[in-house]
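Chains as they are written, first to last, in this note's numbering: chain A, 5 to 218; chain B, 65 to 434.
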């Protein structure tokens with residue numbers, strides 16, 4: 005199955021790291037533009053209208069969130085994948101709640117990053133094992149601010165999928181283990197992402213409130 | 065100690081005459097604007113003071129002379145001095161008009177003038193030292209006058225020391241206040257300097273040392289860089305990467321760090337929840353460590369994933385690699401021994417160990433305590 009060529013804008017303030025990402029990405033992903041700051045990134049993304057933006061969480065003049073907030077209303081088709089060296093929960097939660105479709109750490113290999121770009125471009129969500137662990141923590145039983153239990157809890161199946169991601173399994177492997185189609189696994193992950201963005205659970209809203217994101 | 069100009073400890077609002085709401089010269093409206101009160105109230109105050117021997121009228125004239133016209137800079141020095149004198153005169157008139165005795169009003173006027181000269185030296189165009197000298201003379205004169213005028217009665221013997229104290233407070237107060245603020249600023253600066261020194265020392269001891277080591281022996285770069293990364297993370301995000309001994313999560317993280325050190329592979333730990341360390345969880349950590357070591361030695365991979373899930377239902381640890389894998393039913397005796405030692409540790413504390421593997425499929429070791 006051949007993959008369509010995906011156009012990507014890379015927003016990252018570290019030159020060496022940008023070069024590394026460019027070199028690591030496979031041929032099915034084309035880097036059409038690069039920016040090192042929020043101020044440069046916003047007009048560039050609006051102009052190029054790429055499929056996916058690879059976005060550093062920490063930028064000198066704001067952060068990944070600032071880029072998403074300024075671009076998303078005008079370019080709803082552009083999808084964001086957050087990249088960071090930080091595993092701090094507030095970074096993860098902040099950028100996901102701002103609208104990123106996934107979060108991976110910078111230690112990710114070029115091949116995995118390429119795969120993640122395709123997945124994001126297809127409208128799916130990308131969770132690193134660490135993000136999965138964090139989400140499980142945040143949705144641990146008890147302590148609901150519950151106005152909407154639908155959003156504030158994970159289903160047993162979603163929990164199972166997240167645990168497997170945390171254990172280091174890939175989507176295809178998870179599908180095999182749970183006797184599901186890969187499509188179904190992806191829809192579970194997307195549903196978790198939606199809950200993460202919209203839930204009013206204490207653990208999540210607290211971080212969001214501290215960062216003045218809501 | 066440096067003798068800077070004395071300043072009033074509070075920032076006075078900037079008052080100027082205004083065009084808006086103006087009736088005569090825009091003074092009441094200007095004062096009202098600066099103090100954020102209804103100008104009518106200011107007008108009433110001036111009107112009321114006019115009955116105190118005409119103090120309100122004198123005050124109005126003084127303010128007219130002193131306050132800058134709308135949009136203009138400060139008026140010339142002559143006008144400022146005239147305005148100040150008029151305002152002072154109006155204050156004296158007002159106090160007398162309101163029924164205060166001369167023996168109180170004049171000393172008060174002198175003291176007030178002293179304070180005004182001392183704190184307003186710059187705007188009156190006087191040198192700092194001269195202003196301080198003039199202020200001191202005025203204050204002393206005021207206190208002496210007050211004491212001499214009030215020593216006939218009995219009550220005055222109590223008032224006199226009070227008057228001196230008030231005068232001293234007026235002189236020393238603003239200066240002491242400023243001194244305290246400067247000391248606070250110095251303290252904050254010292255704390256910042258110490259923090260910077262601490263940061264420099266840490267970077268030197270850790271990052272710079274590691275970079276030097278890597279330049280000497282590039283072959284070891286990966287292991288050194290990874291160790292450095294761990295240390296730096298533990299320092300930057302102390303709550304995310306617990307190196308705290310005494311908890312299960314902390315012990316699993318340290319075990320992972322040891323395996324990384326020994327074998328030069330990445331061991332990525334993801335965790336949800338935590339539990340205290342006791343005999344059983346310690347056995348769990350040792351079993352997990354052994355599983356990590358096996359993966360690092362035999363799987364032929366660069367990364368091993370560890371997932372710790374400590375919840376109400378029990379504690380699980382998963383150690384997974386995507387390496388060579390093996391057929392659990394047909395392993396060599398030594399490998400079986402390793403598997404048994406993982407299993408044995410778990411079973412002795414009432415837990416379970418399950419090993420899932422197939423050639424080419426990687427290996428996962430699942431350890432559970434309920």
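Heads up, the beta-carbon is just placed ideally off N, CA and C, and yes, glycines get one too.
- request: Use the C-beta contact count for residue 171/B: other C-beta atoms within 10 angstroms, 16 or more gives buried, fewer gives exposed.
  value: In the second chain, residue 171/B corresponds to position 107, counting from 1. So residue 171/B counts as buried.
message: Please list the terminal residues of the continuous beta strand (DSSP E) segment that includes residue 39/A.
response: Taking the first chain and counting its residues from 1, one reaches residue 39/A at position 35. Looking at the DSSP string, the run of the beta strand (DSSP E) that includes residue 39/A is 33–39.
query: Of all the options 331/B, 345/B, 182/B, which has the alpha carbon lying nearest to the alpha carbon of residue 239/B?
result: Here residue 239/B is taken as the residue at index 175 of the second chain, counted from 1. Of the listed residues, the one whose Cα sits closest to residue 239/B is 182/B.
4-residue-minimum alpha helix (DSSP H) runs that sit fully inside the segment 230–312 of chain B, ordered along the chain: 273–280, 285–300
- prompt: Ends of the alpha helix (DSSP H) at residue 378/B?
  reply: Walking along the second chain from the start, residue 378/B turns up at place 314. Not the alpha helix (DSSP H): residue 378/B falls in the beta strand (DSSP E), residues 378–385.
query: Name the DSSP beta bridge partners of residue 416/B, please?
result: As a working note, residue 416/B is residue 352 in the second chain. Its beta-bridge partners are 432/B.
query: List, in order along the chain, the chain B residues whose C-beta lies closer than 8 Å to that of residue 140/A?
result: For the purposes of this step, residue 140/A is taken as the residue at position 136 of the first chain. Near residue 140/A (Cβ distances below 8 Å), the residues of chain B are 336, 373.
Close Cβ partners of residue 118/B (< 7 Å) along its chain, the five nearest in sequence each way excluded: Within the second chain, numbered from 1, the residue matching residue 118/B stands at position 54. Answer for residue 118/B: 157, listed in chain order.
task: Note the first and the last residue of the continuous alpha helix (DSSP H) segment covering residue 165/A.
output: Taking the first residue of the first chain as 1, we reach residue 165/A at position 161. Start and end: 160–170.
message: I'd like to know if the segment 8–16 of chain A and the segment 35–49 of chain A are in contact, where contact means that at least 3 CB-CB pairs between them fall below 8 Å.
response: yes
task: Compute the beta-carbon to beta-carbon distance between residue 388/B and residue 363/B, rounded to the nearest angstrom, for a pair I have assumed lies under 8 Å.
output: Along the second chain, one-based indexing puts residue 388/B at 324. Along the second chain, one-based indexing puts residue 363/B at 299. Contact flag correct, Cβ pair sits at about 6 Å.
message: Could you compute how far the alpha carbon of residue 267/B sits from the alpha carbon of residue 33/A?
response: On the second chain, position 203 is the one that residue 267/B refers to. On the first chain, position 29 is the one that residue 33/A refers to. Rounded to whole angstroms, residue 267/B to residue 33/A spans 37 Å at the Cα level.
- prompt: What does residue 369/B touch in chain A if you count any residue whose Cβ is under 9 Å from its own?
  reply: Numbered from its first residue, the second chain carries residue 369/B at position 305. Correct list: 133, 170, 171, 172, 173.
task: Measure the beta-carbon distance from residue 68/A to residue 60/A and round it to whole angstroms, keeping in mind my assumption that it falls under 8 Å.
output: Here residue 68/A corresponds to residue number 64 of the first chain, with the count starting at 1. Here residue 60/A corresponds to residue number 56 of the first chain, with the count starting at 1. Contact holds; Cβ gap of about 6 Å.
- prompt: By the criterion of Cβ-Cβ separation under 9 Å, what are the contact partners of residue 354/B in chain A?
  reply: Here residue 354/B refers to the residue found at position 290 of the second chain. Going along chain A, no residue has its Cβ under 9 Å from residue 354/B, so there is no contact; the nearest lies around 18 Å.
- prompt: Under a CB-based cut-off of 9 Å, is residue 324/B close to chain A?
  reply: What you label residue 324/B is simply residue 260 of the second chain in a count that begins at 1. Closer than 9 Å: no.
message: On the DSSP bridge list, what partners appear for residue 98/A?
response: On the first chain, position 94 is the one that residue 98/A refers to. DSSP lists no partner for residue 98/A.
- prompt: Is there a Cβ from chain B that is less than 9 Å from the Cβ of residue 144/A?
  reply: Translated into the one-based positions of the first chain, residue 144/A becomes position 140. By this cut-off, residue 144/A is an interface position.
query: Just reading off the beta strand (DSSP E) that residue 165/B is part of, what are its end residues?
result: By 1-based counting over the second chain, the position of residue 165/B is 101. It is not in any beta strand (DSSP E) - residue 165/B carries neither H nor E in the DSSP assignment.
field: Sequence-distant residues of its chain with Cβ nearer than 6 Å to residue 369/B (five each side left out)
entry: Indexing the second chain from 1 puts residue 369/B at position 305. Excluding sequence neighbours, residue 369/B sits near 332, 384.
- prompt: Using a C-beta cutoff of 9 Å, does residue 136/A count as contacting chain B?
  reply: Within the first chain, numbered from 1, the residue matching residue 136/A stands at position 132. Interface residue, yes.
field: Selection from 169/B, 321/B, 361/B that minimises the alpha carbon distance to residue 294/B
entry: Locating residue 294/B in the second chain gives position 230, counting from the first residue. Comparing Cα positions, the closest option is 321/B.
query: For residue 178/B, which option in 169/B, 198/B, 259/B has the closest C-alpha, if you only look at C-alpha atoms?
result: Against the second chain, residue 178/B aligns to sequence position 114. When each option's Cα is compared against that of residue 178/B, the closest is 198/B.
- prompt: Which partner residues of residue 156/A appear in the DSSP bridge assignment?
  reply: Taking the first residue of the first chain as 1, we reach residue 156/A at position 152. According to DSSP, residue 156/A bridges with nothing at all.
field: Cα-Cα separation between residue 414/B and residue 64/A, rounded to whole angstroms
entry: Translated into the one-based positions of the second chain, residue 414/B becomes position 350. Translated into the one-based positions of the first chain, residue 64/A becomes position 60. Taking the straight line from one Cα to the other gives about 52 Å.
message: Are the CB atoms of residue 106/A and residue 129/A within a distance shorter than 9 Å?
response: As a position in the first chain, residue 129/A is number 125, starting the count at 1. As a position in the first chain, residue 106/A is number 102, starting the count at 1. Against a cut-off of 9 Å, the Cβ pair of residue 106/A and residue 129/A comes out as a contact.
Residue-chain proximity (residue 157/A, chain B), Cβ-Cβ < 9 Å: For the purposes of this step, residue 157/A is identified with residue 153 of the first chain, where counting begins at 1. No, no contact with chain B.
message: Going by DSSP in three states, residue 129/B sits in which element: helix, strand or coil?
response: For this step, residue 129/B is matched to residue 65 along the second chain. Residue 129/B falls in the helix class under three-state DSSP.
query: In or out: residue 199/A buried (at least 16 other Cβ within 10 Å) or exposed?
result: On the first chain, position 195 is the one that residue 199/A refers to. Per the 10 Å Cβ criterion, buried.
message: Please state the DSSP three-state secondary structure of residue 175/B.
response: The count along the second chain starts at 1 and reaches residue 175/B at position 111. Helix at residue 175/B.
Range covered by the beta strand (DSSP E) that runs through residue 60/A: Translated into positions along the first chain, residue 60/A becomes position 56. That run of the beta strand (DSSP E) goes 56–60.
message: Helix, strand or coil, according to DSSP, for residue 76/A in the structure here?
response: For this step, residue 76/A is matched to residue 72 along the first chain. Of the three classes helix, strand and coil, the one that applies to residue 76/A here is coil, per DSSP.
task: Within 10 angstroms of the Cβ of residue 22/A, are there 16 or more other Cβ atoms? Answer buried if so, exposed if not.
output: Position 18 of the first chain, counting from 1, holds the residue named residue 22/A. Buried, since its Cβ has 16 or more Cβ neighbours within 10 Å.
query: By the criterion of Cβ-Cβ separation under 8 Å, what are the contact partners of residue 384/B in chain E?
result: The question asks about chain E, but that chain is absent: this structure's protein chains are A and B.
field: According to DSSP, residues forming a beta bridge with residue 108/A
entry: Mapped onto the first chain, residue 108/A falls at position 104. DSSP lists 87/A as partners of residue 108/A.
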